[in-house]
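Protein chains in written order, with UniProt numbering: chain A, 1 to 140; chain B, 1 to 140.
To keep things clear, I will list the structure first and then write my remarks on it.
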């Protein structure tokens, strides 16, 4: 079922500071502008790599789902991995049938790439928060 | 400097159990055999994705560097990200000059892909343990 590793989600208290680190220390050359995803409670920017992306996410608003993570990890850290799937509804139903726990109400939401996504609880995924994203029409 | 996202390192108490989860729940179709890397204190296996890999790592021996991680995260979890660089010595020297902390004695070690690698302390990397790997001659 899973296809490409679309991105690794990295939580940060400051996208600006993280973008500077990726650019100046690690020499990343393409980093997107920061933008708001209010319905997900995050700011987001992408570090483009030749084959994948790092998704930098920063809390947006008081109810951001990242708040707890950053309280435990004040410097930030690896938050989730995102795999592409051909059909998000088929993937959701298959994951549920196999005993995975789909977060939220189970309805896919539109993610940062403009395609529907779901998240799977880490407890069934080897401790890893897994995002499944319907394969975008264009890479990334 | 950084090129491809070579892999995401995922620590697990059992590579067999994790491989089963990736195969049976997430539908991964290509997972390498588990093998020992005694000098790094880990067992390793790779989940092949079309553009990258998940590196499953399990403690090997009493002094495994994964023991502390798994005590804090008994189910496992995301452990590191690995970026390819063209020249590991040049990358190490550049990272040091920019204030990053190279783990161990700073001498690159041969990693699971047969090429030299170094690790950078998370405190300078936005809370993420970063592995740099000299680009393998063949993909993966």
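Ideal placement from N, C-alpha and C gives every residue a C-beta, glycine not left out.
Whole-angstrom distance between residue 62 of chain B and residue 34 of chain A, CA atom to CA atom | 44 Å
Leaving aside the five residues before and after residue 48 of chain B along the sequence, list all residues of the same chain whose C-beta is less than 6 Å from its C-beta, in chain order.
-> 30
Cutoff 9 Å: residue 92 of chain B Cβ touching any chain A Cβ = no
Could you tell me which residues DSSP pairs with residue 118 of chain B in its beta bridges?
-> B:132
Can a CB atom of chain B be found closer than 9 Å to the CB of residue 75 of chain A?
-> yes
Which of the three DSSP states, helix, strand or coil, is assigned to residue 124 of chain B?
-> helix
Between which two residues does the beta strand (DSSP E) harbouring residue 48 of chain B extend?
-> 42-48 is the span of the beta strand (DSSP E), which, as asked, contains residue 48 of chain B.
Say whether chain B places a C-beta atom closer than 9 Å to the C-beta of residue 134 of chain A.
-> no
In chain order, what residues of the same chain have a beta carbon less than 7 Å from the beta carbon of residue 96 of chain B, not counting five sequence neighbours either side?
-> 102
When DSSP builds the beta bridges, which residues end up paired with residue 36 of chain B?
-> B:43
Beta-ladder partner(s) of residue 83 of chain A, from DSSP | A:5 and A:132
Would you mind working out which of B:26, B:45 and B:21 sits nearest residue 32 of chain B, comparing C-alpha positions?
-> B:45
Throw me the rounded Cβ distance for the residue 55 of chain A and residue 12 of chain A pair, which I believe falls under 8 Å.
-> Cβ-Cβ separation between residue 55 of chain A and residue 12 of chain A: approximately 10 Å, too far for a contact (criterion under 8 Å).
Under the three-state reduction of DSSP, which class applies to residue 62 of chain B: helix, strand or coil?
-> coil
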